[in-house]
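Going down the list, the protein sequences come from chains B and E. For the first sequence, my numbering begins at 1 and goes up steadily by one. For the second sequence, my numbering begins at 1001 and goes up steadily by one. Quick notes on the structure that follows.
Number of protein chains: 2
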Amino acid sequence: MLRLSKLTDYAVVVLVRLSDMEGVQTSPGLAAATGIPEPTVAKVLKTLAASDLVSSQRGARGGYRLSRNLSSIPVADVIASIDGPIALTACVEGSGSGCESQGLCPMRGRWDPVNEAIHKALSSITLADMQMSLLPAFRTPDLAHPAAFQAAAE
Amino acid sequence: MLRLSKLTDYAVVVLVRLSDMEGVQTSPGLAAATGIPEPTVAKVLKTLAASDLVSSQRGARGGYRLSRNLSSIPVADVIASIDGPIALTACVEGSGSGCESQGLCPMRGRWDPVNEAIHKALSSITLADMQMSLLPAFRTPDLAHPAAFQAAAE
DNA sequence: GGGTAATAGGACCGGTTCAGTCCTGATTGG
DNA sequence: CCAATCAGGACTGAACCGGTCCTATTACCC
């Protein structure tokens, strides 16, 4: 199957949760609220901040907040932020030399229409859509008792 | 990015090439025609045969042939054959016990609309579409001199 | 001004997955 | 009966990824 990176999954959770909370939120705070380990939440938030999906405030009393509304964030943006450009490809881009079978790669351009279709599909779904597809029980978590999340996650 | 398995890429190449050739083709023959190593071609064909995308003939003078026309094979079918069901997911299915955070997984069902959109997109594109998006030079390879492919691929 | 709380941005390690190969058996034509 | 071919699975080496941690840097607050 098309494997989605776990980090992307976390990113969606964190962003949705962030929209439920008021003001700036620290990464330890979000970790407690989501049940995701703190270092991992921090990593995700740093990546999201680099793509301007969240804005960050450094220093004491700092933290993160959404830089746009959930309905203005297509899931394509989140995937692109964490996993890189959306493209179904087997060719490794890091190699610099391109495909090993230089210029004769029979794949050249073959997947383009597929990628285009996928990108279009992912751009039409926003985080607000994903938020709504949750079970109601998880839509408005009891923020007064974040520990309940921790316990349940074990 | 959404990584596509290399085998799936090979599968598309082999299927398109298969449609260009007459009669049943052996896997060594297709390996020579595509420049893909023979054991790998054999593995791909076995998998495709298990999904009925190609039909196989065992024994001497046996081989493979397409079981449907290229325009009747959505790329979704090829991906599903090689990579398994099309679903963007971070949850590991092999685990049997499902998500570790039993029943409280905040993801539950969240990606469903996304998967649906992707599946729809991939079902609307056939191998015939991908064949056409090739550079003309590679559309009708010189089958009389398959060695040219081998040499160029090195 | 100094201490504390928080983000920024890497480096790093271990586990998992995957591409690729090979081996043994089953089937069929000559 | 022999040779050619597919079927199916085991195995290995390498690449990738998740997760953690460490060291700056920045800003608030006393």
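Heads up, the beta-carbon is just placed ideally off N, CA and C, and yes, glycines get one too.
Neighbour-count burial assignment, residue i, 16 or more Cβ in a 10 Å radius
i         : result
E:MET1132 : exposed
E:ARG1061 : exposed
E:GLY1084 : exposed
E:ALA1050 : exposed
E:SER1027 : buried
B:GLY59   : exposed
B:LEU2    : buried
B:ASP52   : exposed
E:ASP1009 : buried
E:ASP1112 : exposed
E:LYS1120 : exposed
Within 8 Å, strictly: CB atoms of residue i and residue j
i         : j         : result
B:VAL24   : E:LEU1122 : no
E:VAL1041 : E:LEU1030 : yes
B:THR126  : B:VAL75   : yes
B:SER5    : B:ILE86   : no
E:ARG1110 : B:MET130  : yes
B:SER71   : B:ALA128  : yes
B:ILE79   : B:LEU15   : no
E:VAL1013 : E:THR1034 : yes
E:LEU1018 : E:TYR1064 : yes
E:ILE1118 : B:ILE118  : yes
Distance cut-off 7 Å: residue i Cβ against heavy atoms of the ligand MN
i       : result
B:VAL24 : This structure lacks the ligand MN, and indeed carries no ligand of any kind.
In chain order, which alpha helix (DSSP H) runs of at least 4 residues are fully inside the region 24–81 of chain B?
27–34 and 38–50
Report the residues of the region 1002–1025 of chain E with a CB closer than 9 Å to any CB of chain B, ordered along the chain.
LEU1002, ARG1003, LEU1004, SER1005, LYS1006, LEU1007, THR1008, ASP1009, TYR1010, VAL1012, VAL1013, VAL1016 and ARG1017
Taking beta-carbon pairs under 8 Å, can you tell me which members of the region 1114–1128 of chain E lie near chain B?
VAL1114, ALA1117, ILE1118, LYS1120, ALA1121, LEU1122, SER1124 and ILE1125
At a CB distance below 8 Å, what residues from the region 1076–1089 of chain E approach chain B? Give them in sequence order.
ILE1079, ASP1083, GLY1084, PRO1085, ILE1086, ALA1087, LEU1088 and THR1089
Residues, ordered as in the chain, of the region 1036–1059 of chain E that lie near chain B by beta-carbon distance below 7 Å
none
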